[in-house]
Every structure is written in structure tokens, then in C-alpha cells.
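In our numbering, the protein residues as written are 193 to 489.
The C-beta atom is built at its ideal place from N, Cα and C for all residues, glycine as well.
Being a predicted model, the structure only gives us computed values, none of them experimental.
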């Protein structure tokens, strides 16, 4: 099978000859495949993924290895070609959409910006129609109003939906999702992830899902890569890896997953304190002849 992404022997160091934070990392991603990279904070998973887009922040440099995307050696492409690939062929969704959405631009302008840059053949009206359709697809109830709104007017979950819309408008071949739901509550997390998986399947977009949340990665990926201290310690089919992890670190990650049994035991214990029917009165607003009393239960 031709691989969409082929990373081999990747090492990233702090400056030339400096300390390596990613060492000899290799993995592949096939077209339409969902691959997870898991590991604790500081394991190097985010930097390894960002290197595909050439987004490793200074002073990090690639000290060894090769990254091939759609047959192109990413070390050999020009800056202009790299800019073409970002967005059009490789999209990225970050943990906190407010760091990605521009607070000084309306949602409509931000959606239009990427289309205008990467799809110059589309007229302004066609770009607007595509933006409206995509906003509706990601669950925005009033797409027309959303185009004129600002990022701060929406909840975190809605902003992440809009971030997904802006990325998937360009139908990239690869979506890098870096902790895409960590900042959201549990119910919203699942909705956003289901939406992301549905959208990428519709467009045959491969996903590189980066997270420390092992159960979440296990639910949505076909293959999993486990990283520790900058190295791949285990990789393979997700179901097989979870059923029979070979490395101690992977086993420790699995053991750290909260179990329902534990929650049930805690819930069955007698409460330390119990409060029933508590009423608290406090002064309300002053009126002409008396002060009202507000009551909260």
C-alpha cells in the first residue's frame, strides 16, 4: 500500500548537536487511516507530528531522519511549496481553538481566507456557499449569523466545530489533531470527536490523533503509537496492542485508566456529611421603604 505519510528515523534536537527531544521515530499513515500517538506530556508526540508540516518551533531542528508526504521529501520542498501544502493538503486542529481562531476577524472572514488562498478558482459567492454548507455540516444552527459573528461569542465546543469547519473546507489529505478536545467537557468531547471522524471519513482524510487520553484514542483509531521520552516504545494495531501490551510503559498507561469498579466502590461508601433542605437568606436590593430578602436553596 502506498503510504500518505512515511516518517523514518526522525530525530529532533535543541539546536545542532544539542539534546535530542525526539529520537529515531518512525511511523506511517495510510490514506484515510486514523492513527493515534499517545504518551504523557513531554513525550515528544506533538513535536513529532508537527515536524510533518515543518512547524517545529525554534530552536528545535531536525537532526536526522526523513519525512515523506504524498511522495514528496519534506526536507527538499521549498518554503513556497510548504505553504501550499499547509492547509490545502495538511490541516491541523489544536487543543484550544481560541489560539487558532483570530479574535480580530469574523468567522466568515476566517473561513473565506483559506478558500481564497488555496481555491482561487472559486468566486466569492461560491466560497460563501461552501462556508455556509460546512458550518451547517458541523452543527452550527444558524450558519448565516455565524459568518458575521466573532470567535469570543461562542462556547469552546462551538469554536472547535468552527475550527474543524475551516480545516475541512479545504478537504486535506491529512488532519493532525493535537489534543483536539482536552479543553472541553466530557459530553462535548465525544460530540466533537464523532463529528471529526465523520467529516474525515466523508473526505477520505487520514487523521493523526495526538493525545494522552488512551481510552479516547483506543475508541477512534486503527493503529496506535506509544511514545515515552522522545522515543516510540510500542506500536501496532490498536485492539491487539491494548489486549496484549509488550512494554511496561504501555501497561502502566493502561493501568492508569480509571475503572468503573473503583467509582462504584467509592459511591457505595457512607457519606462523610449529608445536607438536606438547606435554605440561605441574604439581603436583596433596597427598595423605598424596605429591603427585600432573596432566598436560595
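Residues near residue 224 by beta carbon distance below 6 Å, same chain, minus five either side
396, 398
Is it buried or exposed, residue 323, if we count other Cβ atoms within 10 angstroms and call 16 or more buried?
buried
Residue 430 and residue 416 - do their beta-carbons sit closer together than 7 Å?
yes
Measure the CB-CB distance between residue 331 and residue 376 and report whether it falls below 7 Å.
no
Alpha carbon to alpha carbon, how far is residue 275 from residue 257? Give it in angstroms, no decimals.
21 Å
Where does residue 490 fall in DSSP's three states?
Only positions 193 to 489 of the chain appear in this structure, which leaves residue 490 out of reach.
Are the beta-carbon atoms of residue 245 and residue 282 separated by less than 7 Å?
yes
If you count every other CB in all the chains shown that lies within 10 Å of the CB of residue 476, and 16 or more means buried, which is it?
Unreliable positioning characterises residue 476 in this predicted model, as indicated by a pLDDT of 49, which lies under 50. A coordinate reading is not provided.
How many angstroms separate the CA atom of residue 137 from the CA atom of residue 434?
Because the chain in this structure spans residues 193 to 489, residue 137 falls outside the shown range and cannot be described.
Taking Cβ to Cβ, would you say residue 295 is nearer than 7 Å to residue 343?
yes
By DSSP, does residue 218 sit in helix, in strand, or in coil?
strand
Secondary structure, beta strand (DSSP E): runs of 3+ residues fully inside the segment 393-454
398-403, 415-420, 423-429
To which residues does DSSP link residue 264 through a beta bridge?
261
Length of the line joining the Cα atoms of residue 208 and residue 440:
32 Å
Rounded to whole angstroms, what is the Cα-Cα separation between residue 438 and residue 400?
23 Å
Since residue 374 and residue 287 should fall inside the 8 Å C-beta cutoff, what is the C-beta to C-beta distance between them, to a whole number of angstroms?
5 Å
If contacts are defined as beta-carbon pairs under 8 Å, then residue 289 and residue 355 qualify, I think. What distance do you get, rounded to the angstrom?
4 Å
How is residue 305 classed by DSSP in three states: helix, strand or coil?
helix
For residue 303, I'd like the list of residues in its chain whose CB is within less than 7 Å of its CB, leaving aside the five on either flank, ordered along the chain.
323, 357, 358, 361
How far does the beta strand (DSSP E) with residue 365 in it reach, from first residue to last?
Element bounds for residue 365: n/a, residue is neither H nor E.
Would you tell me roughly how many angstroms separate the C-alpha atoms of residue 328 and residue 317, rounded to the nearest one?
17 Å
I need the straight-line Cα distance from residue 300 to residue 210, nearest angstrom please.
44 Å
Bridge partner(s) assigned by DSSP for residue 284
368
Quick one: is the Cβ of residue 334 within less than 6 Å of any heavy atom of the ligand ZN?
Looking for the ligand ZN in the displayed structure turns up nothing, as the structure carries no ligands at all.
Pull up the CB-CB distance for residue 500 and residue 218, whole angstroms please, since I reckon it's below 8 Å.
Since the first and last residues shown for the chain are 193 and 489, residue 500 lies out of range.
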